[in-house]
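Asks:
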Amino acid sequence: MRKITADYIFPISSSPIKEGVVTIDENGKILSIDSRENHDPSTLEIHEGVIVPGFINTHCHLELSHMKNKVATGTTLIPFISNVVKFRDIPQEEIDAAIEKADQEMYDGGIVAVGDISNKIDTAATKAKSPIRYYTFIEMFDFLQEAWAEPEFEKYKAVFDGQSEDGENKKSAVPHAPYSVSKSLFQKINELNNDDCTVSIHNQETPDENEFFEKKTGGFIDFYDGFGIPITDWQPTGKPSIYYALENMNPNSRTLFVHNTMCTADDISAAQNWSDRVYWATCANANLYIENRLPNYQLFIDADAKMTIGTDSLTSNWQLSVLDEMKTIAKYQSYIPFETLIRWATLNGAEALGFEKDLGSLDVGKTPGLNLLNLGEDFLLSAKTEVTRL
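Here the numbering used here is used: the first residue of the sequence shown is 736, the next is one more, and so on.
1. Beta carbon of residue 837, beta carbon of residue 786: below 7 Å?
2. Taking all protein chains shown into account, decide if residue 1095 is buried (16 or more other Cβ within 10 angstroms of its Cβ) or exposed.
3. Among residues of its own chain, excluding the 5 on either side of residue 829, which ones have a beta-carbon nearer than 8 Å to its beta-carbon?
4. Check whether the segment 928 to 940 and the segment 904 to 920 are in contact - that is, three or more C-beta pairs closer than 8 Å.
5. Is the Cβ-Cβ distance between residue 794 and residue 1048 less than 7 Å?
6. Name, in chain order, the residues that DSSP records as bridge partners for residue 1042.
7. Which whole-angstrom value is the C-beta distance of residue 964 and residue 880, which I expect to be below 8 Å?
8. Excluding the five sequence neighbours on either side, which residues of its own chain have a C-beta within less than 7 Å of the C-beta of residue 1121, listed in chain order?
9. Taking the alpha-carbon of residue 1085 as reference, which of 1055, 1117, 778 and 1012 has the nearest alpha-carbon?
10. Between residue 1027 and residue 809, what straight-line distance do the alpha-carbon atoms span, to the nearest angstrom?
11. I'd like to know if the segment 943 to 963 and the segment 888 to 902 are in contact, where contact means that at least 3 CB-CB pairs between them fall below 8 Å.
12. Express the C-alpha separation of residue 761 and residue 943 in angstroms, rounding to a whole number.
13. Based on the DSSP secondary-structure assignment, which residues constitute the bridge partners of residue 966?
14. Taking only runs that begin and end inside the segment 832 to 862, name each unbroken beta strand (DSSP E) of 3 or more residues, in chain order.
15. Run through the DSSP bridge pairs and tell me what residue 870 is partnered with.
16. Taking a contact to mean a Cβ-Cβ separation below 7 Å, would you say residue 945 touches residue 997 in this structure?
17. Excluding the 5 residues flanking residue 878 on each side, which residues of the same chain have their C-beta closer than 6 Å to its C-beta?
18. To the nearest angstrom, report how far apart residue 868 and residue 841 are at their CA atoms.
19. Suppose the cutoff is 8 Å on Cβ atoms and the five residues either side in sequence are ignored; what does the same chain contact list for residue 736 look like?
20. Report back the beta-carbon spacing between residue 696 and residue 844 to the nearest angstrom; my notes put them in contact at under 8 Å.
21. Tell me whether residue 1063 sits in a helix, a strand or coil according to DSSP, three-state version.
22. Figure out for me which residue from 751, 940 and 1006 has the closest Cα to the Cα of residue 982.
23. Buried or exposed: residue 1127, going by 16 or more other Cβ atoms within 10 Å of its Cβ?
24. From 852, 768 and 751, pick the residue whose C-alpha is nearest to that of residue 1100; which is it?
25. Return the Cβ separation of residue 975 and residue 948 in integer angstroms, given the expectation that the two are a contact with Cβ distance under 8 Å.
26. Helix, strand or coil, according to DSSP, for residue 1024 in the structure here?
27. Name the two residues that bound the continuous alpha helix (DSSP H) containing residue 786.
28. Going by beta-carbon coordinates alone, are residue 884 and residue 853 separated by less than 7 Å?
29. Figure out for me which residue from 1104, 871 and 747 has the closest Cα to the Cα of residue 895.
30. Answer with buried or exposed for residue 864, where buried requires no fewer than 16 other C-beta atoms within 10 angstroms of its C-beta.
31. Just the Cα atoms here: how many angstroms apart are residue 791 and residue 1033?
32. Which two residues bound the contiguous beta strand (DSSP E) that contains residue 894?
33. Would residue 1001 pass as an interface residue toward chain D - the criterion being a Cβ-Cβ separation below 7 Å?
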């Protein structure tokens, strides 16, 4: 049994506790939470700073970890995707080593659970033995080709079958993005999943995406032409891309919209009205890396939206650190208080992945992990803020 205390404890599910004490057993299970005055000081592990639950990374591409520093920044999304495709053929041992290294770095950075996109089974072995809990999203796409839906589904179904469900790990089939999934493939994905799952989808990451759905103009026309993919039969919807997703996804499942840099208040409202199980993942550093833009977080706060934090991949980020994502948000949109950001990084993420029974908050009976942040009483994140796993 350990009794761990710091200047403040943030349970997340309740108000911060000054000089609070978290008592855990040998497995990290929380036995009690109270104040120092109830304990003999000689029995306590005393730290300076703030204790928070382990971080939840709701959006990652672990299998792309071998591509760190290989794709240029600031290209915008469509050239970025084209560049990613070029780096797929890498020796398997190099891919495997990068996956293991990235998994360890996330663990060292205080991350306890990850929502991870997979197009292959490369990450399955690492996930099966990792101390991190993984929710694997087996991503499917057919580039709006109805005739391709069946063979593409079968191809990715093999990946689905091969991905890890060991221990507390979970998995589900997910659509890549509105601009890359036909109605038939959406239907097959819905049929494979059950209602008690999380489905993620890349959403409104670039102005070209909305333009493509509204007018069938913009950069995606050249994108499809460049890959020799015919879209002559596809007709624009006249609405932003998220509405196509809403029309074809299952509102009974937890739905995680990812990136959302071009979301408007109306788009957010439409999704919130569509289902009460909607979550929004922001990957601030990746948005800056690719498009040099961030979402307007105030729109999500005003809508009482359930925000979560992701890192995206090492193709589109300098590191896989939830803390660094929080720092970036605090730097560029500093009106968001620490209390809000830390909820995004913990409990909201746990709920989005269906892991809230054990993770995301400091509550008796949970095993959420304990992170120490070297923050003062102002709770201001800075370049000097670091995380230590306790």
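No residue lacks a Cβ here, since even glycine has one placed at the ideal position from N, Cα and C.
Replies: If we stick to the structure as given:
1. no
2. buried
3. 801
4. yes
5. no
6. 1015
7. 7 Å
8. 1109
9. 1012
10. 6 Å
11. no
12. 52 Å
13. According to DSSP, which records beta bridges pairwise, residue 966 is partnered with nothing at all.
14. 846 to 853
15. 850 and 905
16. yes
17. 915 and 964
18. 11 Å
19. 758, 759, 760, 761 and 766
20. In this structure the chain extends from 736 to 1125, so residue 696 is not present and cannot be described.
21. helix
22. 1006
23. Look at the range of the chain in this structure, 736 to 1125, and you will see that residue 1127 is not part of it.
24. 768
25. 6 Å
26. helix
27. Run containing residue 786: none in the alpha helix (DSSP H); it sits in the beta strand (DSSP E), 785 to 788.
28. no
29. 871
30. exposed
31. 22 Å
32. Run containing residue 894: none in the beta strand (DSSP E); it sits in the alpha helix (DSSP H), 884 to 897.
33. This model lacks chain D altogether, as it is built from one protein chain only.
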